[in-house]
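> Residues are numbered in the numbering used here as their position in the sequence shown, beginning at 1, plus a constant of 241. Every residue, glycine too, gets a C-beta built ideally from N, C-alpha and C.
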Amino acid sequence: PRPPDGGGGGGVPLYEQHLLSLHALQVYSPLAHALGLGQVLWEFEDVSFRTLFPDSYQSIEEWQLSLWHESEAMMQHAKEASLIAFNQNGFLKDHVSRFSISSRRKSAFSTFKKMFRSNKKREQVLDVFAMRVVIGLKEDFRGQDEIQVKACVTAYECVLATLTGWVEPRGRFKDYVTRPKANGYQSIHTTLEHPSGMPLEVQIRTEEMHMTAEMGGASHNFYKGGVDSASAVKKFAELIRKDNADALLEP
């Protein structure tokens with residue numbers, strides 16, 4: 242199946258585009274979550290969102306793009322400063338062979354969902370821009386849970402120490418490394434505010450934790466998609482359907 246064409250429809254009547262978009266959100270989006278197909282998921286969601294709610298999509302997209310130049314410089318600085326700090330830390334030098342540091346912008350649909358479900362303004366969504374640190378331990382330490390946890394905690398401490406002037410708002414730190422979620426998910430999450438006031442979400446995990454989170458068992462990926470059992474598939478589809486119906490009724 243292909244996502245609906247949000248760029249004009251290619252001759253497809255608008256009502257059919259809306260039906261295809263709703264179908265994508267109700268069926269193919271959860272399936273993409275289940276299979277760990279992030280890129281496909283984002284495409285389904287954003288194209289469907291643009292088709293169903295073009296004004297909301299454009300508003301969020303333009304807002305994110307207006308911040309992109311500043312946020313890109315902020316993320317690049319955070320990545321470079323963090324990597325230097327990691328490479329200077331004795332424990333990390335002894336136990337880690339590599340670091341992968343990436344940054345991303347939250348998709349328009351994910352931003353919309355957070356605004357809609359949490360009744361937030363777009364400026365209150367604190368994870369629009371994020372940095373993820375994935376730690377590759379040396380082979381001898383990969384099977385040692387204690388070392389995996391300590392590596393994540395140490396990397397977190399390095400990030401805090403090196404990003405001087407940045408503030409960690411109260412309540413934003415979440416330690417899922419020493420206290421994993423019920424589904425086994427492990428990662429350190431926090432939000433740091435740049436001196437300019439722009440927030441940056443930070444995630445820190447080992448390669449093993451990352452593999453479980455991104456490409457682990459189907460049960461974990463279904464959980465991420467909002468579907469944690471076969472009986473919940475219908476319930477999840479109904480939730481998405483209700484969200485869209487409610488939004489369509491808004492003035």
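For Arg413, which residues of its own chain have a beta-carbon under 6 Å away from its beta-carbon, when the five flanking residues on both sides are left out?
Within the same chain, Arg413 has close Cβ partners Thr431 and Thr432.
> Which residues in the same chain have their Cβ closer than 6 Å to the Cβ of Phe332, if we skip the five residues on either side of it in sequence?
Counting only Cβ-Cβ distances below 6 Å, and skipping sequence neighbours, we find Thr395.
> Out of Thr453, Leu441 and Gln427, which has the shortest C-alpha to C-alpha gap to Lys347?
The residue with the shortest Cα to Cα distance from Lys347 is Leu441.
> Anyone know if the C-beta pair for Glu448 and Ile342 falls short of 8 Å?
Taking 8 Å as the Cβ cut-off, Glu448 and Ile342 do not qualify as a contacting pair.
> Please state the DSSP three-state secondary structure of Leu308.
Leu308: helix per DSSP, three-state reduction.
> What residue does the alpha helix (DSSP H) around Glu387 start on, and which one ends it?
Glu387 -> alpha helix (DSSP H) spans Asp386 to Thr403.
> Is Arg446 closer than 8 Å to Cys399 when the C-beta atoms are compared?
Cβ distance not < 8 Å, so Cys399 and Arg446 don't count as in contact.
> Under a Cβ-count criterion, where at least 16 other Cβ atoms within 10 Å of its own Cβ denotes burial, should Arg420 be classed as buried or exposed?
Exposed is the call here.
> What is the rounded straight-line gap between the Cα of Phe382 and the Cα of Glu313?
Between Phe382 and Glu313, the C-alpha separation is close to 34 Å.
> Within 10 angstroms of its Cβ, does Tyr397 collect 16 or more other Cβ (buried), or is it exposed?
With 16 or more Cβ atoms within 10 Å of its Cβ, Tyr397 is classed as buried.
> Quick check for students: name the residue ranges of the alpha helix (DSSP H) that lie wholly in the stretch 286-368, counting only runs of 4 or more.
Listed in chain order, they are 295-329, 331-336 and 349-359.
> Count the CB pairs spanning the stretch 345-359 and the stretch 281-300 that are closer than 8 Å, and state whether there are at least three.
Yes, since at least three Cβ pairs between the stretch 345-359 and the stretch 281-300 fall closer than 8 Å, the two stretches touch.
> Please report the distance separating the alpha-carbon of Met450 from that of Gln305.
Whole-angstrom Cα-Cα distance: 29 Å.
> Could you name the residues of the same chain whose beta carbon sits closer than 8 Å to that of Leu308, not counting the 5 residues immediately before and after it, in chain order?
The residues are Val369, Phe370 and Met439.
> Could you give the C-beta distance for Thr403 and Ala322, rounded to a whole number, given that I count them as a contact under 8 Å?
That belief holds up - the Cβ atoms of Thr403 and Ala322 are roughly 5 Å apart, short of 8 Å.
> Taking C-alpha atoms, which residue in Thr405, Thr292 and Phe294 lies nearest to Pro436?
Nearest of Thr405, Thr292 and Phe294 to Pro436, Cα basis: Thr405.
> Is it true that the CB of Phe357 sits closer than 8 Å to the CB of Phe290?
Cβ atoms of Phe290 and Phe357: not closer than 8 Å.
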